[in-house]
Each structure stands twice: as C-alpha cells, then as structure tokens.
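S.K.: For the sequence shown, numbering that gives the first Met the number 0 assigns the number 0 to the initial residue and increments by one for each residue that follows.
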Amino acid sequence: MAPRAFRPLSRFGIAATLSAAVSLTGCQTWLSDRYAGSLPPTTGVQPIKGLADNVSIRRNALGMPLIETSTFHDALFAEGYVHASDRLSQMVGLRLMAQGRLAEMLGPGVLEVDRFMRTVNLKQSANVLYAGSSPRLKRFFETYARGVNAYIYRNRDNLPMDLAQSGYRPEYWKPEDSALIFALLNFGLAVNLQEEISALAMAQKVGTDKLAWLLPIYPDEALPFDEADKLKGLKLRGQIPGLAAVDGAAQQVATLQMLGVAASNNWAIAPQRSRSGKSLLANDTHLPISMPSVWNYVHIRSPKYTAAGVSIAGVPGVVAGFNGKLAWGMTMVMGDTQDLFLEQVRRQGNRLYYLADGKWQPAIERNETFFIKGRSPVRETIYETRHGPLLNSALGERQHDLQPLPLSSGYGLAYRSIQAESDKSLDALFDLSRAKSVEQAFDATREIRAMALNIVFADEKHIGWQVTGRFPNRREGRGLLPSPGWDSRYDWDGYADPILHPADQDPAQGWLGTANHRTVQPGYGAQLSSSWYYPERAERIAQLANASRSHDNRSMIAMQYDQTTPFAGKLQAMFEAPGMAQPLKQAIDALPADQRGRAREALDRLMAFDGKLAATSADAALYEAFLQESTRQTFLDELGPEDSASWKAFVDAAKLSYSAQADHLLGREDSPFWDDIRTPQKEDKPAILARSLAAALSFCEQKLGSDRRSWQWGKLHTYAWTSDSSKMAPYLGASQRAGVNAIKGYLDRGPYPAGGDHSTLNVSAYHWGQDFDTWLIPAMRIVVDFGQAEPMIGLNSSGQSGNPASPHYADGIDAWLKGNYVSFPFQSQNIDRVYGSKRLTLVPQK
0 MAPRAFRPLS
10 RFGIAATLSA
20 AVSLTGCQTW
30 LSDRYAGSLP
40 PTTGVQPIKG
50 LADNVSIRRN
60 ALGMPLIETS
70 TFHDALFAEG
80 YVHASDRLSQ
90 MVGLRLMAQG
100 RLAEMLGPGV
110 LEVDRFMRTV
120 NLKQSANVLY
130 AGSSPRLKRF
140 FETYARGVNA
150 YIYRNRDNLP
160 MDLAQSGYRP
170 EYWKPEDSAL
180 IFALLNFGLA
190 VNLQEEISAL
200 AMAQKVGTDK
210 LAWLLPIYPD
220 EALPFDEADK
230 LKGLKLRGQI
240 PGLAAVDGAA
250 QQVATLQMLG
260 VAASNNWAIA
270 PQRSRSGKSL
280 LANDTHLPIS
290 MPSVWNYVHI
300 RSPKYTAAGV
310 SIAGVPGVVA
320 GFNGKLAWGM
330 TMVMGDTQDL
340 FLEQVRRQGN
350 RLYYLADGKW
360 QPAIERNETF
370 FIKGRSPVRE
380 TIYETRHGPL
390 LNSALGERQH
400 DLQPLPLSSG
410 YGLAYRSIQA
420 ESDKSLDALF
430 DLSRAKSVEQ
440 AFDATREIRA
450 MALNIVFADE
460 KHIGWQVTGR
470 FPNRREGRGL
480 LPSPGWDSRY
490 DWDGYADPIL
500 HPADQDPAQG
510 WLGTANHRTV
520 QPGYGAQLSS
530 SWYYPERAER
540 IAQLANASRS
550 HDNRSMIAMQ
560 YDQTTPFAGK
570 LQAMFEAPGM
580 AQPLKQAIDA
590 LPADQRGRAR
600 EALDRLMAFD
610 GKLAATSADA
620 ALYEAFLQES
630 TRQTFLDELG
640 PEDSASWKAF
650 VDAAKLSYSA
660 QADHLLGRED
670 SPFWDDIRTP
680 QKEDKPAILA
690 RSLAAALSFC
700 EQKLGSDRRS
710 WQWGKLHTYA
720 WTSDSSKMAP
730 YLGASQRAGV
740 NAIKGYLDRG
750 PYPAGGDHST
760 LNVSAYHWGQ
770 DFDTWLIPAM
780 RIVVDFGQAE
790 PMIGLNSSGQ
800 SGNPASPHYA
810 DGIDAWLKGN
820 YVSFPFQSQN
830 IDRVYGSKRL
840 TLVPQK
C-alpha cells in the first residue's frame, strides 16, 4: 500500500495556521523570508547523481529557464529537475487529483472528487497509453522521472511552505505518473460529460419537449428534437440517484483543473500575406485563471533536441512552441468523445444488475479504498456496465460523507470515453516537437489519437492544419444527450477512419485558424461533434487575417489582444431586422413610464456601439449588462430560481459551448421560452427584449452610478488570480480554512480591470447568467514570425514558479496585462542578451 504522503499543497490547499505573531501587513514579507530556502538556487554548482555530463541552467528576467546540455538524456533529466524546482506542489497535486487521492491531504471535504476521479479511472487510461508507447518513449519518461526525483531527494528537507508545514514528504516520481498527468490533460479536452449532466438537470425541470431549445446548436442548424426524443417517456425526475453529486463533483474537478473548457485560438499566416514573405504562427490557449498557470515555459538546447515553448510540469518535452525550424500550436476540436448512457439498474441480493437488450446482466465490480486525512480508510465498490463505470454508483446523497452509497434502483449513469485505448500518441507528440517541416509535422500529428486537437503548424514557407483524436461512430443519436443504455442501437461502432480527420495545407486564402468553432459543415463524414463553441472568435480571426497582406509579429500581437466582438453587430442586425424593429418599438412604448425612457436610451446606445469591449468603455458595460439581463428575463422563470440545480446547469452549459442565451438573442422567435410563465398574458420576443433593455440600463445606474461618463466595463468585469489553495479553502477543516484565508493576500493577486468577454480573441469569459467575474483567459501566448532573426516570443499568464516565496510567482501577470512578450533566442550570439551569464551548473556526482 502506498504511503499517505501528501497533505495540503499550494495547488490544492494549505493546512498551516499562521502564528498570531505574524501581522497581516508583514505577512507576505515574513513568509517570503521564512521559506526563501525552499527556492532553487540560480547560481553555483550542484553535484547530481544520474547525469552524464554538465548541465547549464540560466533564466530570463521572468525566471523562464534555458537548459543547455551535451546529450538528449541530460536534457530530459534536467527538464524533470527544473519542473520539480518550479512546480513541485503543482505536479504532486495534479498527480493526486488524477489518482483520486486528494482526501489524503485535504480530508473528507474533497472525498466526492476522489470518488469521481476513481470512477472515471484515469489510472487505467494512463497505464494503457504508457504500455502502448515505444521503448524509446519509455526511456524518455524514465530519464525525466530520475530528474524529478533528484530534485525531490536533494530538497527533501527544504520543501515549499505547503509541503513543509504539512509534515509529509512527496512520493518519488514514476514514469507512469507522467502518462497519468497526460491522461488528466486529455480528460479536460472534452466538454461532453459536463454538457450531458447539465442537460439531464435541465430536462428534470422543463421536460424533454422543451429541452432541444436549450442545447448548443448553431443558428443555421435545425434544433435536435430527434436527440431529445431519446429521453421521451422516461421518468427522469427523482430516478437518477446521485445526479446532483455527480454534477457537483464534476464542477469541483473543473475548479481545480482545466477540465472541459472551450480553449484557445491558433492561426498561421502564409508567406503571401506576411510582410517578410515568410510564415507566421500564433497560439494562445484558454484555461481557467489560476495561480500558478497550468503552463510552464522551458527552452532546451541539446544536440538531438532543441525547442522552446510551453510544457506541463510532470510531462517531458515541449507541448507547443518552436524548434528553430517548425512552429506549432493547438486548440480544442470540441470533439464529442464522451458519452453518458442511462442504464436501468436493480439490486438482487448483494449484486447490482443492469438491463442490456432485454436481459439483466451483473455489473462488473471494482473495489477502491480511500485514505482520508483524519479519518479511517473507506472501502467502496464502483460498478461498471458494458458502456463503462456508473458515475452515480460512487456519488450520491448520503447521510454522512463516509457512508457507502446504496444504488439499488432507478437509472445509472454509465460513462464512456475514447480513453483507455492503446496508441502511439505520446511518441507522436515528441515527434511533432522534433519535426523540421510542415510535411514532417503532418506525419507526426496523424498518429495522435488520444487527444482531439486542432494542431496548426508552420515552417518558413508553408502552413498546415490537422485534426487529431479518436471520434466514435454512433449507430444512432448524436451524443448531445445521454442515450438509453439498454438499447444497443445507441452503442458505439468503432471510430471514424483517420483519413476523415480534417486537414489543410497552404490554402489559397493565405491563412489557417481555429478557435473551437465548427470547422466542418453539418453532415460531415466523421461525427466530430454537435456542440461547438461560439463562432465569433473564429470570425474575428478571419476578419483580421484577411485585412492585410503585410502581417508581422506586431499584427499577431494586436490580434491576440483584440477586444472587438462580432456578436455586437449581429445583435444590432437583429434589433433592426424588418420583423423586429417595429414590434420592439411598440413593446418599448407599452412599458411603464419609468422603464420606457431607459429602454429607449439603452437601445440607442447599443445601436451606436462599436463592439469594442475595452475595460474603459461605458457602452461595453451597458452591452454586457443587456446580455445578462436578457438571459434572466428569458429563461429564469422556467429554469430558476438562481440557486436551483437547473439554473446552475444552464449557466454551466453556456460556458462550455454555443448557448441558448446567444441563440435566442439572434433568432428563435418561435421559442416557448419567450413567454413569461409568471404572468397571465403571453409574452413574445419583442416584449422580453424591451424589458431587458430597461433592466440593463437600471443595472448600470445601480452598479456604476447615474453619471454615464463614469461607467466602465472594467469596473464590473475584473481579473482575479486566485490560487487553488484559496479555491479549496471551503472544502477544508476550520483551522485549515482559517490558515488559508489569513494569507490570501500572499497567495492571490488582483483584482485588475478586464476588457473583452467570451467572444473576443483576447478572451475574458464570465458566467453568462451568474456574474461578471472572469474565469477563463489566454493562459499563455506564443507568436512565431519566421521573418525575424529570432522568430519566437511568448508570455505566461502568471509566474514561472508555483512557490509563493519566489520573485517569479506572480511577475508574469504585469507582462501579460501589458503585452510585454519575451524573446526565446536560438542563435548563439543572442543567448546572453536574454539569459545573461548567471547560471546554475549541474554536474555528475561521482
């Protein structure tokens, strides 16, 4: 049995209660001084066992490391050592998350998260993925793990604050742990599980007849009434034990990790559209705002591996970046690679059975033991059907948190995904980072099956795009909603032939780009997805890419920081459409006198709005207030109240993909949701919009004052970098929670005024239907201009270090806010200018 090693970690919580002698004003300085010894040295010589030769580690002004070695072995070893020195707590926390062992360090408050993660069984997926990798790749992971362990061993008595205060010591890193972190990343590259859970929650409130109006379908597609018919006639209310707990655990996981977010922009500009006559590439990945960022920059120079870019601490190599010949970046495909199956279940004696094609089959049983801080271990049974594990066999309403869940009758929720399939994805990602041309990049990316990605790449003369992944063929249905598991008509029938995965090279338009939007037409041969993200970011990429034939790194930066939304123009077109303009005027005239003037003023201002969501814009504040108020006026009567499971599901669904909120604003005049069921009369769309206009102006007056000149979007909408320690505080014991809250000023940063929203390239998404707090941002930015002597520049969204005592814990925030990119030089004569001459030298220990 593995030792109960980790407790409170900087990424997942701090147990220590500070001494009362530490004043709030002196807390940050005291803590930084107290734990300065936990920071890795930046100069000197360190003998390390496991190295073949000397290794040089230099750091730029933001603490991002340059690793220089004479062998590829030492490069991998040193990357493990550097990752551990910067992000040990994060690495350990992610590993515990993926293993379902958070309760070992945080106590029973996170036991449902552990139950959820044990049920989806990422460990099995990682083991299959690792077993299918080549002997070469396994040697890479083994070498990297030795580097991590060298750091852990050398600093076992000098750990960061969270680990030191906890009194526990990290377990050593195993090669399989890197595959596990990779599996956790893959798990976050789909939103379908959360979408289907949300759909069930909404169906229990509004029924299946209305459900299709709430699903994420683009305006040019028919609403999926046929998909909702799968659930017709089923008595769902009260018959899915544990649905609320499954949803709650999924939300906790999403809070802690980058799970199920519509993430990222990437684009490549062909030589004919560039100032230099050479290609350009840009990538910014969107993840929940966090301290530290998920991403960790690294620059490696070795004889067989040279690359710079972002990495995931815990996984060797460079995930997105530049290797001197090739640049590559990625976004989510939004691939529908997860499905829920409703299973009819019943208990007979000590066994659980499920119905399959008219016969009752015994469920597979898997026993799991949970070690819980401060409590006795708990042994529980997780059940599986032919479609996968039953999520609600592990989660549900208990009298107390340690009680086993008695799933006896009703519906089980079986989870199926593309994971736990053997392939060469890990090898292929390494091959991509070493490719020297677009052609070689295509060869590598075609072998990536475990992750559904839009990978865009460029060399000096060419650009390319390849969709990767594994996409299920469904016999019937489209995967938007859970399917009846007892009917094999809805089963998967293998996967789409990889030849059907979309790809393009050197298109005539002179650019390629993706932003989680629908990249194929409805009815495309492979069932990639039915739930894409809002199309506006992709439309803005097209506008700006087509606007010039002299693009350079400055225009790429301007695109990454662009805050103009195409949605505002669509909203204006809806307001002035022939069938809307006059009815809306009449609806405004029919409002009570105190609302009439506000509605007219709001409409006039919105019609004159230029769509620029700058933090200082008054009209941007009114525009966003209208988006929120129209949502409440349209849907709250059917799906509310605001604290209900159905409303929370509605809000969650809007952050994952194209939403009913946007869909109804732009069209759907015949939707049943326009009628306010709380009133005796029947409302229509103009009536609801008129109310919303008046309410939006009233909201701004209430929140920002009566002086319109003082209104600013950034006063409503802010960035706040909240550490995961602070996010986890509500789930901790009282003393632990008090300790974290006492040092929030040390752990967290902000707020800062924010511009943009979910539809702008410079993304700053909030919860549509809840509040204006930013939750999603570009977690990193990369630009590669092959016309420059040093092509690559980049930024992180927080700091390089996850240790709050480090000067590089939060220094990246200011650079990120201001667009102060840093260079990653590849020419020897430019290295010293960026990285200086100060270095840490690792030498082989005799």
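Built from N, CA and C at the ideal position, the CB exists for glycine as well. Fair warning: this is a prediction, and the values are worked out from it, not measured in the lab.
Taking the beta carbon of G276 as the centre, do at least 16 other beta carbons fall within 10 Å, making it buried, or is it exposed?
M.R.: Here residue 276 refers to the residue found at position 277 of the sequence shown. The residue in question, G276, is exposed, as its Cβ has fewer than 16 Cβ neighbours within 10 Å.
S.K.: With C-beta atoms as the reference, is L390 less than 8 Å away from V245?
M.R.: Translated into the one-based positions of the sequence shown, residue 390 becomes position 391. Translated into the one-based positions of the sequence shown, residue 245 becomes position 246. Contact flag set, yes.
S.K.: Go ahead and pull the three-state DSSP assignment for F825.
M.R.: Taking the sequence shown and counting its residues from 1, the one referred to as residue 825 is at position 826. If DSSP states are grouped into helix, strand and coil, F825 belongs with coil.
S.K.: Among G146, V783, G232, L87, which one has its Cα closest to the Cα of Y80?
M.R.: To locate residue 80, count along the sequence shown from 1; it is residue 81. The residue with the shortest Cα to Cα distance from Y80 is G146.
S.K.: Taking buried to mean at least 16 other C-beta atoms within 10 Å of its own C-beta, is M606 buried or exposed?
M.R.: The residue labelled residue 606 in the question sits at position 607 within the sequence shown. It is exposed - the Cβ of M606 has fewer than 16 other Cβ atoms within 10 Å.
S.K.: When you compare the CB positions of F846 and S124, do they come within less than 8 Å of one another, or not?
M.R.: Lying before the first or after the last residue shown, residue 846 is absent from the chain, which here runs from 0 to 845.
S.K.: Whose CA, out of S658, F181, S392, lies closest to the CA of Q98?
M.R.: By one-based count along the sequence shown, residue 98 stands at place 99. Cα-wise, what sits closest to Q98 is F181.
S.K.: According to the Cβ coordinates, are W720 and R748 closer than 8 Å?
M.R.: As a first step, residue 720 is located in the sequence shown; it is residue number 721 there, counting from the start. As a first step, residue 748 is located in the sequence shown; it is residue number 749 there, counting from the start. It is a contact, given that the beta carbons lie within the stated cut-off.
S.K.: Could you tell me which uninterrupted alpha helix (DSSP H) segments, each at least 4 residues in length, are contained entirely in the stretch 30-83, listed from first to last along the chain?
M.R.: none
S.K.: Return the chain-ordered list of same chain residues with a C-beta closer than 6 Å to the C-beta of E846, the five sequence neighbours on each side being excluded.
M.R.: What is shown of the chain runs 0 to 845, which leaves residue 846 out entirely.
S.K.: By alpha-carbon positions, which one of A202, H285, Y217 ends up nearest to K229?
M.R.: Position 230 of the sequence shown, counted from the start, is the residue given in the question as residue 229. Ranking A202, H285, Y217 by Cα distance to K229 puts A202 first.
S.K.: On a CA-only basis, which of Q787, P803, D609 is nearest N829? Give me that one, please.
M.R.: Against the sequence shown, residue 829 aligns to sequence position 830. It is Q787 whose Cα lies nearest to the Cα of N829.
S.K.: Within its chain, find whatever has a CB closer than 7 Å to the CB of W266; leave out the 5 residues flanking it on each side and keep chain order.
M.R.: On the sequence shown, residue 266 is found 267 positions in, with the first residue counted as 1. Taking W266 as the centre and dropping the five residues before and after it, the same chain places the C-beta of A281, V455, W510, L511, G512, I540, A544 closer than 7 Å to its C-beta, in chain order.
S.K.: Under the rule that 16 or more other beta-carbon atoms within 10 Å means buried, what is D85, buried or exposed?
M.R.: Position 86 of the sequence shown, counting from 1, holds the residue named residue 85. That one is buried.
S.K.: Quick one, are the C-beta atoms of L279 and I288 less than 8 Å apart?
M.R.: Residue mapping note: residue 279 aligns to position 280 of the sequence shown, counting from 1. Residue mapping note: residue 288 aligns to position 289 of the sequence shown, counting from 1. Not closer than 8 Å, so no.
S.K.: Which residue marks the beginning of the beta strand (DSSP E) containing T840, and which one marks its end?
M.R.: If you number the sequence shown from 1, residue 840 lands on position 841. It spans 839-843 - the beta strand (DSSP E) in which T840 sits, taken as one unbroken run.
S.K.: Could you tell me which residues DSSP puts in a beta bridge with P777?
M.R.: Here residue 777 refers to the residue found at position 778 when the sequence shown is read from its first residue. According to DSSP, which records beta bridges pairwise, P777 is partnered with H285.
S.K.: Taking 6 Å as the limit between beta carbons, can you name the residues of its chain near S645, skipping five residues before and five after?
M.R.: In the sequence shown, counting from the first residue as 1, residue 645 sits at position 646. Same-chain partners within the cutoff: A200, M201, K204, L638.
S.K.: Does S724 come out as helix, strand or coil in the three-state DSSP assignment?
M.R.: Translated into the one-based positions of the sequence shown, residue 724 becomes position 725. Three-state result, S724: helix.
S.K.: Measuring alpha carbon to alpha carbon, tell me which of W29, W485, Q769, N53 ends up nearest R838.
M.R.: The residue labelled residue 838 in the question sits at position 839 within the sequence shown. Minimum Cα distance to R838 is reached at N53.
S.K.: Mapping the DSSP letters down to three states, classify T336 as helix, strand or coil.
M.R.: On the sequence shown, position 337 is the one that residue 336 refers to. Of the three classes helix, strand and coil, the one that applies to T336 here is coil, per DSSP.
S.K.: What residue range is occupied by the uninterrupted beta strand (DSSP E) comprising T207?
M.R.: Within the sequence shown, the letter at position 208 stands for residue 207. Boundaries around T207 are those of the alpha helix (DSSP H), 207-210, since no beta strand (DSSP E) includes it.
S.K.: If you pair each beta-carbon of the stretch 136-155 with each one of the stretch 755-774, do three or more pairs fall below 8 Å?
M.R.: no
S.K.: Alpha carbon to alpha carbon, how far is N148 from Y745? Give it in angstroms, no decimals.
M.R.: The count along the sequence shown starts at 1 and reaches residue 745 at position 746. The count along the sequence shown starts at 1 and reaches residue 148 at position 149. In a straight line, the C-alpha of Y745 is about 28 Å away from that of N148.
S.K.: Is there at least one Cβ from chain D nearer than 8 Å to L128's Cβ?
M.R.: No chain D appears in this structure, which consists of one protein chain only.
S.K.: Kindly provide the ranges of any beta strand (DSSP E) runs that are 3 or more residues long and lie completely inside the stretch 609-670, ordered along the chain.
M.R.: none
S.K.: For A507, is the classification buried or exposed, using 16 other Cβ atoms within 10 angstroms of its Cβ as the cut-off for buried?
M.R.: Mapped onto the sequence shown, residue 507 falls at position 508. Exposed: under 16 other Cβ atoms inside 10 Å.
S.K.: Which two residues bound the contiguous alpha helix (DSSP H) that contains M847?
M.R.: The chain is shown from 0 up to 845; residue 847 falls before or after that span and cannot be answered.
S.K.: When you compare the CB positions of P591 and T284, do they come within less than 8 Å of one another, or not?
M.R.: Along the sequence shown, read from residue 1 onward, the residue named residue 591 stands at position 592. Along the sequence shown, read from residue 1 onward, the residue named residue 284 stands at position 285. No, Cβ-Cβ distance for P591 and T284 is not below 8 Å.
S.K.: May I have the straight-line CA-CA distance separating W294 from K611, to the nearest angstrom?
M.R.: Taking the sequence shown and counting its residues from 1, the one referred to as residue 294 is at position 295. Taking the sequence shown and counting its residues from 1, the one referred to as residue 611 is at position 612. Cα to Cα, W294 sits roughly 29 Å from K611.
S.K.: Along the chain, where does the beta strand (DSSP E) that runs through Q360 open and close?
M.R.: The residue given as residue 360 occupies position 361 in the sequence shown. 358-361 is the extent of the beta strand (DSSP E) around Q360.
S.K.: Please report the Cβ distance between T70 and P302, rounded to the nearest whole angstrom; I am assuming they are in contact, meaning their Cβ atoms lie under 8 Å.
M.R.: Against the sequence shown, residue 70 aligns to sequence position 71. Against the sequence shown, residue 302 aligns to sequence position 303. Rounded, the Cβ-Cβ distance is 7 Å, consistent with contact.
S.K.: With the cut-off set at 8 Å, would you say S797 and M450 are in Cβ contact?
M.R.: Here residue 797 is taken as the residue at index 798 of the sequence shown, counted from 1. Here residue 450 is taken as the residue at index 451 of the sequence shown, counted from 1. Against a cut-off of 8 Å, the Cβ pair of M450 and S797 comes out as no contact.
S.K.: What's the C-alpha gap between A393 and L179?
M.R.: Locating residue 393 in the sequence shown gives position 394, counting from the first residue. Locating residue 179 in the sequence shown gives position 180, counting from the first residue. Taking the straight line from one Cα to the other gives about 21 Å.
S.K.: For A753, collect the residues of the same chain with a Cβ closer than 7 Å to its Cβ; drop the 5 residues on either side in sequence, then sort them by chain order.
M.R.: In the sequence shown, the residue the question calls residue 753 occupies position 754. Excluding positions up to five away in sequence, the list reads A614, G713, H716, T717, Y718, S763, T773.
S.K.: Could you spell out where the alpha helix (DSSP H) holding S554 opens and where it closes?
M.R.: Reading the sequence shown from its first residue, position 555 is the one you call residue 554. Per DSSP, S554 belongs to the alpha helix (DSSP H) from 552-559.
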